[in-house]
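Inspection log for the structure reproduced underneath, given as structure tokens.
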Amino acid sequence: MLGMVYQDASNRCSAGTSCFFSKQGWQSVPTGSAHTNYKGVSMQGFSALFQPGNIGKLRLENRLIMNAMGTVLVDGEGNVTERMFDYYRARARGGVGLIVTQCALVSADATPPFTWAMYDDKFTPGLSRLVEVIHEQGAKVSVQLMHYGLLLIFGGFIPEGMSIKVPSITSWLVGDKPYEEMGEADIERYLEDFAQAARRAKEAGADAVELHACHGCLVSTFLSPVTNHRTDQYGGSVENRTRFARRILERIKQKAGKDFPVVVKLNGSDDIEGGITIDEVVRQAAILEEAGADAISISSGLEFWTSLSIPCYAYPEGPMVPLAEKVKQAVRVPVIAAGKIGPELAEQIIRNGKIDFIGMGRPLLADPELPNKLREGRREDVCWCVYCNNCIRVEPGQGSCSVNPSLYREGKYPFPPAEPPKRVMVVGGGIAGMQAAVLMAQRGHQVSLYEKSAELGGQWNIAAAQPGKEGYAAFTDYLRRSLDRCGVPVTLGIEVTKERVLEMKPDAVVVATGAVPRGLNIPGASSNHVVQANDVIMGKAETKGSVVVIGGRFIGMEVALWLAEQGKEVSLVTLAGLGENGSKLEGMTYRTLARRLIELRVPLYVHTAALEITQSSVVIGWGAEVFSLPAATVVLAVGAQSDNKLAQELDGVIPEIYTIGDCVSPGDAAAAIYQAARMAAKI
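No gaps in the numbering here: position 634 of the sequence shown is 628 in this note's numbering, and each next residue is one more.
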């Protein structure tokens, strides 16, 4: 029917797999907020987290491990760079016990440009320097070894002559891609590639290696029954499907030495129907332990189908912890749990002996100093990750983290002192204005901040009010405390005018006045039963009867979910594709939200225009077809338009005027605080 879809965004997700929402409804734990607590865990004390621990013969100073995460810091030929050194130096200095580097690719025939290469001895000196940088700060180093396999499809393009290696050609392989089923010669070559890469890591001074065997990479696809349909010794039974990983592990031990620690990272669940089960994973972990694995790290999900491998804000806290606990019960070697684990939960499961180490990824992007702050009892000083997954969708020139503008630019921070210091007036107390005020004050400027509403936060407060995003409030709390520490005076409830600016006579003005919700230019859009999504979220507008949400990006999808969870009859109409409006949402978060919309059977009318709003319906059109949807309430989620009136009035009147955030162009939080940081460095 027209543009309506019920297509399975989860791609074969079964009801029994580890979906982020329960059948009882939307669930969320405000990880990282000031209110998270656990029985028996002091809000100040994390003694278990900071006990030493061993992986094989490797002694770690604490139980916090930085997970491997991809970056944009490698050059086009696969070499390390100074920016990469800066990035890892900051995390090592922050007090983490072990850093697992981003994946180092072991085979020349599966290493696209701008990915880190470890398939030749020529890359060893660069790794040696990286190891030295990390060791200088007191952390240990493990190099993650990987062959992309199916994950090559995430690169956006596959270089000419490069094929996607898979254990078997199956009917679900999508797209016109150069898939190639591996033969015995390929297997032998890759066994040697992994072993030689491990040898290079050891020669470079690394303390361990991690075998990446999850998320749909080559080794992962051998382990999973949904991707491995082979009928030889590498397919079929659990033992056969584990044989490739086992032989890699044994070959690494031969080349690098039996005492050189090797961690194997496994999927606890593929999170799709027909994928690997936890019972099979437990057996695989035992097989790999017998083959010499010194620790087992548990993740989950196939990245090209599901969203569990990098759980966003909508997941409950620690969704993969139960899987890791089951593996822990079956092996003697240490087990590492990861995936949206806050410090209280981490302390509890380590203290209770259910897990040995905690893998942290995105929280260390948000605040590299997180371990030091927890150890020193400064939890309130942590800049908490909000699990928005902006760090996954990296676009040139834009911010990469919604709460940390220095991510991937660590060498440029902190900014040098201002010469000369100036009196700077910041107008607008959203996150862009707050961030700019903090950074300028840290440089020595005399900064004052003005916000016309009764509280700081701006549009970020609307995000924090949504179910699943309660943890967002932690960032505004962090910025408020930072303003206090920097001594920035804040004036609330006053709208700054051109006359007030002239009266204050600042040396410079930073306008961060944000944006306002956009209306819809169709008949009936100003009717009383038409409300803005922001007002619905903030409790300023009610929804009655059947509801039509117009707009299909983040806020539209989230409002539709929230209303559907309340049992309301909801439809969603979007002129673009779901999750699109010029650019797509980050894939993991999109799949998370789309999956739940489909589970709730919310009708989705994509590539469909809203033509008219009547008193009881929304008239929509798809191509030449037109029909009506019942609508007692219509919710608009069609974007925002910049509020730059003050900036226009001050243009040519004030010598130095700067605009940042949504008042320049409505965008995401990462772009806003990146603009704030760039501006703060200039004044």
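Glycine included, every Cβ here is placed at the ideal spot set by N, Cα and C.
With a cutoff of 8 Å on beta-carbon distance, M428 and L477 are scored as near each other. One thing to note: L99 has its Cβ within 8 Å of the Cβ of W110.
Distance from the CA of A412 to the CA of V432, rounded to the nearest whole angstrom, comes to 13 Å. Following the DSSP letters along the chain, one finds G550 inside the alpha helix (DSSP H) bounded by residues 548 to 559. With contact defined as three or more Cβ pairs closer than 8 Å, the segment 245 to 252 and the segment 195 to 206 are in contact. Take R474, set aside five residues on each side of it, and the residues of its chain with a beta-carbon closer than 8 Å to its own are M428, L450, in chain order. Sequence-distant Cβ neighbours of A280 in its own chain, meaning closer than 8 Å and more than five residues away, are A324, V325. Under the three-state reduction of DSSP, I344 is assigned to helix.
Secondary structure note for F216: its alpha helix (DSSP H) is the uninterrupted segment 212 to 217. Residue range 118 to 130 is occupied by the alpha helix (DSSP H) that includes G120. A residue is called buried when at least 16 other Cβ atoms come within 10 angstroms of its Cβ; K463 meets this threshold and is buried.
In the DSSP assignment, the residues bridged to F351 are I330. In this structure, the alpha-carbon of R417 lies about 18 Å from that of G646.
In the three-state DSSP reduction, V100 falls in the coil class, being neither helix nor strand. Under DSSP, A509 shares a beta bridge with S636.
DSSP places Q138 within a strand segment (E or B) once states are collapsed to three.
The beta carbon of V276 lies closer than 7 Å to those of K320, V321, A324 in the same chain, with the five residues before and after it left out. For secondary structure counted as the beta strand (DSSP E) over 3 or more consecutive residues, the segment 262 to 293 holds these complete runs in sequence order: 289 to 293.
Relative to the Cα of R237, the nearest Cα in the group M314, P46, V510, T215 belongs to T215.
A direct Cα-Cα distance of roughly 30 Å separates V232 from D201. Under the DSSP assignment, V567 falls outside any alpha helix (DSSP H), being part of the beta strand (DSSP E) whose first and last residues are 564 to 568.
Cβ atoms of L146 and I152 come within 8 Å of each other, at about 6 Å. In the three-state DSSP reduction, Y466 falls in the helix class (H, G or I). Pairing P365 with K348, the inter-Cα distance amounts to about 21 Å. Under DSSP, the beta-bridge partners assigned to E445 are L486. Between P219 and G177 a beta carbon distance of about 21 Å is seen, past the 8 Å cut, so the two are scored as non-contacting. Counting of Cβ neighbours within 10 angstroms places G573 among the buried residues, the total reaching 16 or more. Going by DSSP, W616 is part of the beta strand (DSSP E) stretching over 611 to 616. Beta-bridge partners assigned by DSSP to N48: R53. Shown here, G655 sits in a helix according to DSSP, grouped into three states.
For a cut-off of 8 Å, the C-beta gap from I158 to E175 is around 10 Å, too long to register as a contact.
Looking at the backbone, the Cα of G423 and that of S447 are separated by about 9 Å. The beta carbons of S521 and P624 sit no closer together than 8 Å. Going by beta carbons, I49 and A289 fall inside the 8 Å limit. In this structure, DSSP gives R87 a helical state, which the three-state scheme calls helix. Residue pairing from DSSP places G451 in a beta bridge opposite G424.
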